[in-house]
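Numbering (the working numbering), first residue to last: 14 to 228.
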Amino acid sequence: MKIFALDSSTEKIVMVYKDNEKILTFSYKGKDKHGKNIGLLSQKLKDLGIDFYGLDIIGVGIGPGSITGLRVGISFALGLGLGKKMVTIPSTKIIAANLLNCGKNIVVARKARQGYLYGAVYDSKLNVLIEPFINSIDGFRKVISKCSDYIVIGDGSEFLEDNGLKDDFNYPSPERLLYVFEREIESENFAETVQPLYLQKSIAEINFEKRRKGE
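Here you go:
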């Protein structure tokens, strides 16, 4: 079986390919546009003899995260996945997998628009405790205050606490992407449609509530 997955929800793009003989992982973190970077990484795979048309299952991180990044990554995955099985994965879960089996609940905090954070909470086995959401920084603190014995990771963790971890833990990794991807395949969690978790509508709703309350 030949499988391929990518996540482009953050400034760090990650890709992984696996067949019966090998595993290839790629990642790139830079300031160039996502379309250019995904093109460069996919070309590396082609140069190594990978036939994208021969893939059996395609996986893609669906956010929340960069709107532009998600559009580019999901469009790329959909182009590969015509007529094939697709797996969609919340990008927060891929990041949480960096602390798999850590013995604590895992709060993922991602930077959204100014003053807001994307988030989700998982236990150490990656079971969902709180589905992906968006809130103001203060509102985010209130949400996670209901959780016990947790550690915060993600590029938004700096607004909440110093986790003492290397920066790599705050972003998806291709190895953890593969782990989560294969778990979804084993559970046969295939997607009928691929929709990004933009969550931007929630920001508009929050601002509307503030205006209505006169804040």
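From the three backbone atoms N, C-alpha and C, an ideal C-beta is built for every residue, glycine too.
query, result
"Nearest-angstrom Cα separation, counted from residue 123 out to residue 156", "14 Å"
"Proximity test, Cβ basis, 8 Å: residue 73 and chain B", "The structure shown contains no chain B; it is built from a single protein chain."
"From 188, 165, 187, residue whose alpha carbon lies closest to that of residue 178", "165"
"3 or more residues per run - each beta strand (DSSP E) lying fully within the region 72 to 110", "98 to 102"
"Distance, residue 144 Cα to residue 112 Cα", "18 Å"
"Check whether residue 60 and residue 16 have beta carbons under 8 Å apart", "no"
"Whole-number beta carbon distance between residue 110 and residue 29, since they are thought to touch under 8 Å", "That belief does not hold up - the Cβ atoms of residue 29 and residue 110 are roughly 12 Å apart, past 8 Å."
"Residue 66, buried or exposed, once every other Cβ within 10 Å from all chains shown has been counted against 16", "exposed"
"Pair within 8 Å by beta-carbon distance, residue 120 and residue 163", "yes"
"Inter-stretch contact (C-beta, 8 Å, three-pair minimum) for the region 97 to 109 and the region 36 to 55", "no"
"Beta-carbon gap between residue 89 and residue 130 smaller than 8 Å", "no"
"Contacts around residue 125, its chain only, beta-carbon distance under 6 Å, and the 5 residues preceding and following it disregarded", "131, 147"
"Supposed close pair residue 47, residue 81 - CB separation, criterion 8 Å", "6 Å"
"Test item: CB-CB of residue 103 and residue 212 under 8 Å", "no"
"Three-way DSSP call (helix, strand, coil) for residue 191 in this model", "helix"
"Beta-carbon contacts of residue 35 that lie in its chain and below 7 Å, excluding the five residues immediately before and after", "none"
"Residue 58 in three-state terms, based on DSSP", "helix"
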